Amino acid sequence: MLLERIEVSGFRGIKRLSLSFEQLTTLIGENTWGKSSLLDALSIALPISGELHQFSLTDFHQDHSISYTQDQHIQIIITFQTTEKNEYRAGRYRKLASLWQPDENSHAQRIYYRISATNNDGKITASHSFLDNKGRILRYHKIHMLVYELIRLHPVIRIRDARRLHTDGDTAPLPD
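Numbering-wise (the numbering used here), the sequence shown opens with residue 196 and increments by one.
If you want it as structure tokens, here you go:
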């Protein structure tokens with residue numbers, strides 16, 4: 196199973212972003228492009244700790260070009276795709292069997308996972324859902340169990356380059 200795509204709106208430094216992934220993807224860009232926000236969105240959606248993120252006001256995008264207007268909605272949609280014809284039938288994906296959505300144009304199967312948060316006058320509510328291939332919510336009684344299973348199988352692990360760390364905590368390049 197491959198992380199095929201992420202769509203992010205209203206989250207931290209990202210107003211709106213849709214990004215497709217390949218087997219290997221490198222993020223290169225100037226400061227304030229949103230690379231860290233993108234990695235944060237992935238880490239929040241699929242945390243290695245397995246704990247679901249509690250959104251705060253600082254998670255909502257602020258548009259500094261329009262007198263600091265803050266978005267009221269966050270949406271993160273992650274799409275996974277099979278890489279082999281019958282991969283979705285593998286034993287490790289047994290608990291996710293009801294989530295797979297067929298692609299009408301190929302033999303691929305996909306899982307669409309969405310995290311949403313809304314700021315209603317400082318009261319933040321969040322929801323997790325799975326979508327069908329038309330974007331409609333799939334209804335499940337114990338959605339959190341499916342979310343935890345997906346996270347267990349495919350957590351996001353962030354690694355920092357230890358060569359760049361000093362003992363005082365500041366970061367600066369060190370000689371190789």
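Idealized CB from N, CA, C, for every residue including glycine. Everything numeric in this text was worked out from a predicted model, so none of it was measured.
Residue i - DSSP class collapsed to helix/strand/coil
| i | result |
| --- | --- |
| Tyr307 | strand |
| Ala292 | helix |
| Gly208 | coil |
| Thr253 | helix |
| Arg347 | helix |
| Arg200 | strand |
| Ala137 | The question about residue 137 has no answer here: the residues shown for the chain are numbered 196 through 371. |
| Lys230 | helix |
| Ile338 | helix |
| Ile352 | coil |
Pick from the options that is closest to residue i, judged by C-alpha positions
| i | options | result |
| --- | --- | --- |
| His248 | Asp266, Gln267, Ile271, Gln257 | Ile271 |
| Lys337 | Leu348, Ser322, Ser260 | Ser322 |
| Arg331 | Thr221, His259, Leu294 | Leu294 |
| His302 | Glu225, Tyr288, Glu279, Gln267 | Glu279 |
| Gln296 | Thr274, Thr313, Leu241 | Thr274 |
| Glu299 | Lys329, Lys290, Arg289, Ala312 | Lys329 |
| Tyr288 | Thr313, His349, Arg355, His259 | His349 |
| Asp254 | Ile243, Ile269, Leu241, Pro242 | Ile269 |
| Arg211 | Ile354, Leu333, Gly229, Ile243 | Gly229 |
| Met340 | Lys290, Thr227, Gln218, Gly205 | Lys290 |
Residue i versus residue j - alpha carbon distance
| i | j | result |
| --- | --- | --- |
| Phe325 | Gly317 | 26 Å |
| Asn281 | Ser231 | 35 Å |
| Glu225 | Gly286 | 42 Å |
| Ser251 | Ser215 | 27 Å |
| Ala312 | Leu241 | 16 Å |
| Thr227 | Ala236 | 15 Å |
| Leu197 | Arg355 | 23 Å |
| Glu217 | His259 | 32 Å |
Cβ-Cβ distance between residue i and residue j below 8 Å
| i | j | result |
| --- | --- | --- |
| Ile209 | Leu233 | yes |
| Leu345 | Tyr307 | no |
| Ile310 | Ile239 | yes |
| Tyr283 | Gln304 | yes |
| Gln276 | Glu199 | yes |
| Gln267 | Asn314 | yes |
| Gly245 | Tyr335 | no |
Proximity test, residue i beta-carbon vs the ligand FAD heavy atom, cut-off 7 Å
| i | result |
| --- | --- |
| Ser324 | With respect to small molecules bound, the structure shown includes none, and the ligand FAD cannot be examined in it. |
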